[in-house]
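All remarks here apply to the structure that follows.
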Amino acid sequence: MPQIPGAVKLSYASYGDPHLPTLILVMGLATPAVAWPRAFIAELVQQGLHVVTPDNRDSGMSPKIRSGVSRVEVASRIAAYLAGMTVTAPYRLEEMAADIEAVMDAVGVDRAHVAGISLGGMIGQVLAFRAPHRVMSLTCISSASGNPKTGLGHMEAIL
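Each residue of the sequence shown is one higher than the last, beginning at 0 in numbering that gives the first Met the number 0.
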């Protein structure tokens, strides 16, 4: 996987013709980009898309941020955040959205469709807010706004 230069050298993979419209698939928390099913990517390419799958910070082939925080502590901080408490993190969603912009720059893409699952959807939302001129469309899968006050979705809305 190529890596983008800079303070955080993210890894990414690129599939299909880079001259076609680009779709960036952003994975969720601690999940490598290779978790996107190959058949799914192949179908997207066959349908005429250039697909880019970056590894977020701390996942896959991208460097691990050495924060000295254990997985148990990470889970504890997430629970505290969801309970409305203030927590500290080694980086923010804004930085992760900037990482996706850097991947776009590395592959020579000015604008792209963005689809993210879970945390990837949250990253996509921040990217669309901070750089709307770069996001052609946004699809959030099993994601949220990140605001713990919005609560969880209602199952009857899905049914």
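From the three backbone atoms N, C-alpha and C, an ideal C-beta is built for every residue, glycine too.
Just so it is clear, the structure is predicted and the values come from calculations on it, not from any experiment.
For the region 33-71, list the alpha helix (DSSP H) runs that are entirely contained and at least 4 residues long, ordered along the chain.
37-45
Keeping to the same chain, check which residues put their C-beta closer than 6 Å to that of residue 64; ignore five residues upstream and five downstream.
56, 57, 89
Curious, which full-length alpha helix (DSSP H) runs of at least 4 residues does the region 84-152 contain?
92-105, 118-129
For residue 123 and residue 25, believed in contact at Cβ under 8 Å, the rounded distance:
6 Å
Nearest-angstrom Cα separation, counted from residue 125 out to residue 92
7 Å
Between 117, 116, 140, 144, which has its C-alpha nearest residue 128's C-alpha?
144
Am I right that residue 133 and residue 111 are in contact with their C-beta atoms under 8 Å? What's the rounded C-beta distance?
7 Å
Distance, residue 139 Cα to residue 117 Cα:
7 Å
Starting from residue 21, follow its DSSP beta bridges and name the residues at the other end.
49
Of all the options 52, 28, 141, which has the alpha carbon lying nearest to the alpha carbon of residue 13?
52
Rounded straight-line distance, which links the Cα of residue 99 to that of residue 121:
12 Å
Can you tell which of 135, 114, 130, 148 has the C-alpha that lies nearest to the C-alpha of residue 141?
114
Going by CA-CA distance only, name the one from 104, 102, 83, 135 that's closest to residue 148.
83
Taking only the alpha-carbon atoms, compute the straight-line gap between residue 79 and residue 32 and give it to the nearest angstrom.
27 Å
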